[in-house]
Structures are given as C-alpha cells and as structure tokens.
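Residue numbering for the sequence shown follows the numbering used here, starting at -8 and increasing by one per position.
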Amino acid sequence: MSDHNQTPRTPRQGLGVELRRLRTLAGLSGRQIALRTGLSQSRVSRIERGDALASVPELTRWLEQAGAIDRLEQMVAATEAALNEADSWHEFMRADSFADMQETVREREAVARTQRSFLPTLVPGLLQTAEYARLVFIASDLTGGQDYAAAVQRRIDRQQILYEQGHSFEFILTEAALRWRPGPKQVLIAQLDRIASLATLSNVSIGIIPMDVETQAIPWHGFTLNEDVDDENPYVQVETIHAYLTVSRPDDVELYRRQFAVLKKAARTGQQFSDFLNNLRSELLSGD
C-alpha cells in the first residue's frame, strides 16, 4: 500500500493529506480527532487516505478542533470539486501494484452494504475463478512487471465478503461478458460453474442480458453502485481504459441508479439465468 508521504494522486487524497497535516500540527492523534468530532476511527482513516470525503459538518468540527476554522470555505470548495474525480491508471500504477489495488478495493467494499454492478465485457472480480483472474491480470498488465500470484490471492481474499449476510450484491452481465474468453474454453467452463455456485447464495443476485433481448439502455460501460455505505453517501466506481473514476455527486449517482434499474428490467434472473448458463456450458462442451 502507498504511504502517507507519497505525493497525492487525486483531489480526494490531497484533501486527506491536508486534513491529516492540520490534525498533526494541532498535536492530535487520529483517535483524539475521532473522539472530538464524533467520527469513528475508521471514518477518520478513510478521510485521511482519500477513500472518503468529509461532509461540511464533519469538516467544520475537524477544522475547529485543529484550530484551522479559517480554512473552512477553501476546504468546502475543494471537497465539492472532488465529488467526481478520475485517478489516472498511469499514476496509480506508479504508486501501487495490482495486489495493492485489490486491497484498496477490498477496503472500499467492506463499508458498502449493498453493491449493484453492471459488467458488459467480462466477469466481475468478485465472481472470478483464480485462473480467470490470473489471465485478466496478465491481459491488464501493459508493463509486464506485476506479481500475478499476489494479485490473484488478494482478489480471491476479497470474495470472502460474498458470504457475509450483512452485505448484498446484484450483478448484471451481458451475454458478451459471459462469452469473453481470456484463455482456453476450459477456463470459461470453470468460470460458468463458479458463477452458478455463487448465484445460489441468498444475498447474491445475478442476471444476464442475452444478445437477442430488447433493452432500453445503452451499455456504455461497466460500473458499480455502492449503497448503504458506512458513514458515507452512495458512490459509483467506474473503470475506463485510462482511469479509475469515483462518482459521488448525488445527481450523477442517481443517473447510474436509473441506468441500473433499466438494465435490470432486461436481465434474465432465477431459473431463466440458470438455463442460460447451462445452455452456454453445453455449447462450450460440445464445440470443437
């Protein structure tokens, strides 16, 4: 994991570094600022890491305790500007390995009680088999210098959250996502079996949008909508070819919420989903 001494990559991280600096200058520990502001220690840590943005009341209490209330207007403006941000993969990869990135994602997933994900191109990380994940990491590594074994292990470790009843998950995939093959067809067959197994969990819902079904939503790109977040407002994570986006502005989050609802209407779930998986599996087994 990157440490606090590294140059902030994003506005969120810059805000977190500055709040930590002001707290330290005031001679306060993380525990002390938590007690004095009424925040949990985990919330303080997430704010200082840049994983979360402080609300205006939280900023006010924080700056009051740090003796820097004169910075409030400036910090509020910076927070507003950071609600939607892009973290460049180029800068990200200079600071963190694939394995570190998995740990960062795991920490974010731990505080979201409800996740709704749409993936139009490949199986989401939480549902991947180890071999599928390894091949995805290889395909994603443009420099060739990553530790794939460590990254795969961290991704598999992340999947433990699927078995926690305090968390619920909705996944919507396109047929293209299920058919994409990062390796031999045996890899994809094993991946389909893994999905079928996870779909039996009571807190996991998986749907498929077949290629021949009508839908009123354009599948622009994948995204994950995080709801019921501990001490934080809902937010959306989007991975593009050049950057990792975090969307927190309420109006924009609502756009993703509505998009997911439209996609969900077109998805086949339950027995229809199981039948689709079985037919695709049989097709792969009987093919050349």
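Using N, Cα and C, we set each Cβ at its ideal position, and we do this for glycine too.
Going by Cα to Cα distance, which pick from the options is closest to residue i?
i              : options                           : result
glutamate 71   : Pro2, Val127 and Glu55            : Pro2
isoleucine 163 : Pro115, Arg249, Ala59 and Arg22   : Pro115
alanine 234    : Ala77, Ser265 and Val35           : Ala77
leucine 246    : Glu274, Phe267 and Phe214         : Phe214
arginine 27    : Asp243, Leu183 and Gly58          : Gly58
glutamine 119  : Arg99, Ala142, Ala73 and Gly18    : Ala142
alanine 258    : Gly278, Asp203, Val102 and Leu236 : Asp203
glutamate 122  : Tyr139, Ser108 and Thr112         : Tyr139
histidine 212  : Ala69, Glu161 and Val229          : Val229
alanine 25     : Ile60, Thr191 and Arg52           : Arg52
valine 195     : Gln182, Trp171 and Ser108         : Ser108
aspartate 184  : Gln151, Asn269, Ser159 and Ala208 : Asn269
How about residue i and residue j: are their beta carbons less than 7 Å apart?
i             : j                 : result
leucine 216   : phenylalanine 251 : yes
aspartate 222 : arginine 104      : no
leucine 126   : proline 175       : no
leucine 110   : alanine 187       : no
leucine 275   : isoleucine 180    : yes
valine 253    : valine 238        : no
alanine 190   : isoleucine 197    : yes
proline 201   : glutamate 166     : yes
According to DSSP, is residue i part of a helix, a strand, or is it coil?
i                 : result
glutamate 348     : Outside the displayed range of the chain (-8 to 279) lies residue 348, so it cannot be described from this structure.
phenylalanine 266 : The question names phenylalanine, yet the displayed sequence has aspartate at residue 266. Helix at aspartate 266.
serine 277        : helix
serine 20         : coil
threonine 206     : coil
threonine 120     : coil
aspartate 222     : coil
threonine -2      : coil
threonine 15      : helix
proline 111       : coil
In the DSSP output, what is residue i paired with across the bridge?
i              : result
glutamine 106  : Phe160 and Asn217
leucine 236    : Ala77 and Val229
isoleucine 199 : Leu164 and Arg259
What number of angstroms, rounded off, separates the C-alpha of residue i from the C-alpha of residue j?
i              : j                : result
aspartate 132  : alanine 124      : 12 Å
leucine 10     : proline 241      : 23 Å
isoleucine 147 : arginine 62      : 43 Å
tyrosine 154   : glycine 261      : 19 Å
isoleucine 129 : glycine 136      : 10 Å
arginine 22    : phenylalanine 89 : 31 Å
arginine 0     : leucine 74       : 15 Å
leucine 271    : valine 178       : 13 Å
glutamine 144  : serine 20        : 33 Å
methionine 66  : alanine 43       : 14 Å
threonine 206  : glutamate 100    : 29 Å
arginine 37    : aspartate 266    : 42 Å
glycine 5      : isoleucine 232   : 24 Å
alanine 45     : glutamine 150    : 28 Å
valine 102     : arginine 170     : 31 Å
lysine 256     : glutamine 156    : 25 Å
leucine 113    : serine 193       : 23 Å
Answer yes or no: does any C-beta atom of chain D fall closer than 7 Å to that of residue i?
i          : result
valine 244 : As a matter of chain content, chain D is missing from the structure shown, which is built from one protein chain.
Between residue i and the ligand NAP, is there a pair consisting of the residue's CB and a ligand heavy atom that are separated by less than 6 Å?
i           : result
alanine 168 : As far as ligands go, the structure on display features none, and thus does not contain the ligand NAP.
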